[in-house]
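In full-length UniProt numbering, the protein residues as written are 1 to 649.
Structure (structure tokens):
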């Protein structure tokens, strides 16, 4: 898309009143005649916008309201960039907007907006923000009921806006926007472009200016500092001196912002196509400690580690930027897995030196890294699952056995783990001997050939590895029949006990992935999900299932591994029968009986629990318990328990 930015000496097609001063916003914003230009002269036409955004403005205008496509989408078109997100600003209140659309929902308290849904696409609609001369000030972060401050702007004592739902005019709304290059409005009905703060001139001169006093505007909403970094990286605009110098001194105010907003804004920066430059800005301006402190340079760490970290992060960010600039998709989980990988390697080496087995060391290291990051900027569960799978597949990609190579390429996360291996190999080649994560540089090529080869090609590759001595032999089988333990997993659906893990069904699925990725465990059967009410406590319902595994681990080794998975997923035991994020019990281990202080097999209460018996009956209807009873013989005793089967999505 060509960039079209002609001279600003365009004919004004409509004269309007000057913008109002930004009262109580620090220095008064520059006064300009809000100007309407022919959008076509700047390469901005309806063809560049999402039809759904145009439809939203059309519906609002036909109902008698003003409505425009605003902000970043208009800016990107002016810069010759294809927009991805589309926002609409209107004179209609949120309630009026919601009433006009069949699929619309009010969102937010701090800044009330409306999401209008078109299938999976969402158009964000905001009401013109006005200027409140008398903002309500809440001392000492005092909370108040929403009704008591409805229609008010609410600040804390430091000037940070806690709530801002004061409606205004187009001109007032423009004064409330953050940067001049974000204060564009586009009217699809006549393809006119409205520029109230001379943002077109700033785009021409590559200038990034805040509207108002930087200290006041950053204090009102500290996230604007992150937005400034993203715009500097994405648009190559040079930020004004005052806007830049205020950031380091106000950086600590990011600690007051909700982690959800910080994560969203950080992800926008990382997925902007200019993440490498953006992260560099974050470090130089002192913002990194509040987002990803694990990426900071640490003089206490070894030179080798810091060198590896810098090289790996540079590679992962460059790879991400290149994919986005080529208009290819990027998995946020893959990117975050890469950013935290150097610290994971360091912690993994530490636990190996402490005598932990390789897989155990990796599991503990994963929990350590995630816990450390969640303390600063929590990562959603939907991404944590992807990150864990990518990490746990790495040793399986390195340790190739006849038995596992076929299962690895069939893994849902194989492609992501394979791409991750490529980056590790590139870094290993670049660093040569100064590398804390040395791997065979030819590994990615071998997996590429294996994954894309036919059966004969795969057999040839395996034979070649065997002959060269590089194929790791599978563990020697014992003569006795390997035990087949049954394990019961259950995850609480309570947001109070597991809000950081999100969907409890996904938690169980992720836990099953951990079992499948253990080199000494094979999953043979997995039951459906069953939803049951707590038996001995109050609280939300549980989701349960049973898996049948074939393993070489002893019962206590298996117990330890189960506990590691529980810990990895945030399991806590504050009191008996407390809600839990994940609970894994070994209910049977072949015909073995164990009665130790930390482990009882069979599970002593399994015959009293419908959420164990029903899924067990589903996958092993013929199993006979050590007591001599069949599973079906025990069902009458649990007939009154409230449980239902649900198919996993």
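Even glycine gets a Cβ: it sits at the ideal position worked out from N, Cα and C.
- Task: Following the continuous alpha helix (DSSP H) through residue 544, name the residue where it begins and the one where it ends.
- Result: It is not in any alpha helix (DSSP H) - residue 544 instead sits in the beta strand (DSSP E) that spans 542-551.
- Query: Is residue 88 near residue 125, with beta carbons less than 9 Å apart?
  - Reply: It is a contact, given that the beta carbons lie within the stated cut-off.
- Range covered by the beta strand (DSSP E) that runs through residue 184: Residue 184 -> beta strand (DSSP E) spans 184-187.
- Query: Terminal residues of the continuous beta strand (DSSP E) containing residue 106?
  - Reply: 104-107
- Query: In three-state DSSP terms, what is residue 296?
  - Reply: coil
- Task: Could you tell me which residues DSSP pairs with residue 114 in its beta bridges?
- Result: 106 and 125
- Item | Touch test, the stretch 293-308 against the stretch 319-337, Cβ-Cβ under 8 Å, three pairs minimum | no
- Task: Within 10 angstroms of the Cβ of residue 30, are there 16 or more other Cβ atoms? Answer buried if so, exposed if not.
- Result: The pLDDT assigned to residue 30 is 47, lower than 50, so where the model puts this residue is not dependable, and the model offers no usable value.
- Message: Checking 9 Å against the spacing of the C-beta atoms, do residue 388 and residue 510 come in under that value?
- Response: yes
- Task: Starting from residue 510, follow the alpha helix (DSSP H) in both directions and report where the run begins and ends.
- Result: 504-516
- For residue 167, write down the residues that DSSP places opposite it in a beta bridge. 129
- Query: Within the chosen definition, does the stretch 44-61 reach the stretch 201-218 through at least 3 CB pairs nearer than 8 Å?
  - Reply: In short, these stretches do not touch, since the Cβ pair count stays below three.
- Message: At the level of alpha carbons, what is the spacing between residue 83 and residue 123?
- Response: 13 Å
- Query: Hey, out of 69, 107, 59 and 191, whose CA is closest to residue 40's CA?
  - Reply: Residue 191 is the option with its Cα nearest to residue 40.
- Locate the alpha helix (DSSP H) running through residue 61, then write down its first and last residues. 51-62
- Residue range of the beta strand (DSSP E) that residue 257 falls in? Premise fails: residue 257 is in no beta strand (DSSP E) and is neither H nor E.
- Just the Cα atoms here: how many angstroms apart are residue 129 and residue 229? 24 Å
- Please classify residue 522: does DSSP put it in a helix, a strand, or coil? strand
- Message: Can you tell me which residues form a DSSP beta bridge with residue 630?
- Response: 624
- Query: Taking all protein chains shown into account, do 16 or more other C-beta atoms lie within 10 angstroms of the C-beta of residue 26, making it buried, or fewer, making it exposed?
  - Reply: With a pLDDT of only 42 at residue 26, under 50, the local geometry of the prediction cannot be trusted, and the value read off the model is given with reservation. Buried is the call here.
- Message: Just to confirm the assignment: which complete alpha helix (DSSP H) runs, minimum length 4, are found wholly within the stretch 268-354?
- Response: 275-284, 303-325 and 332-353
- Item | residue 378 and residue 263 closer than 9 Å at C-beta | Against a cut-off of 9 Å, the Cβ pair of residue 263 and residue 378 comes out as a contact.
- Item | Range covered by the alpha helix (DSSP H) that runs through residue 202 | 199-204
- Could you give the distance in angstroms between the alpha-carbon of residue 222 and the alpha-carbon of residue 257? Taking C-alpha positions only, residue 222 is separated from residue 257 by approximately 7 Å.
- Every unbroken alpha helix (DSSP H) within the stretch 413-458, with a cutoff of 4 residues, ordered by chain: 414-431 and 443-452
- Item | Contact the stretch 434-454 vs the stretch 402-419: 3+ CB pairs below 8 Å | yes
- Message: Using the Cβ count rule (16 or more neighbours within 10 Å means buried), how would you classify residue 498?
- Response: Here residue 498 scores only 27 on pLDDT, less than 50, and its place in the model should not be relied on; the value that follows carries that caveat. Buried.
- Message: Helix, strand or coil for residue 90? Go by DSSP, reduced to three states.
- Response: Correct three-state label for residue 90: strand.
- For residue 546, count neighbouring C-beta atoms within 10 Å of its own C-beta (all shown protein chains included) and say buried if the count is 16 or more, exposed if not. buried
- Taking only the alpha-carbon atoms, compute the straight-line gap between residue 36 and residue 197 and give it to the nearest angstrom. 12 Å
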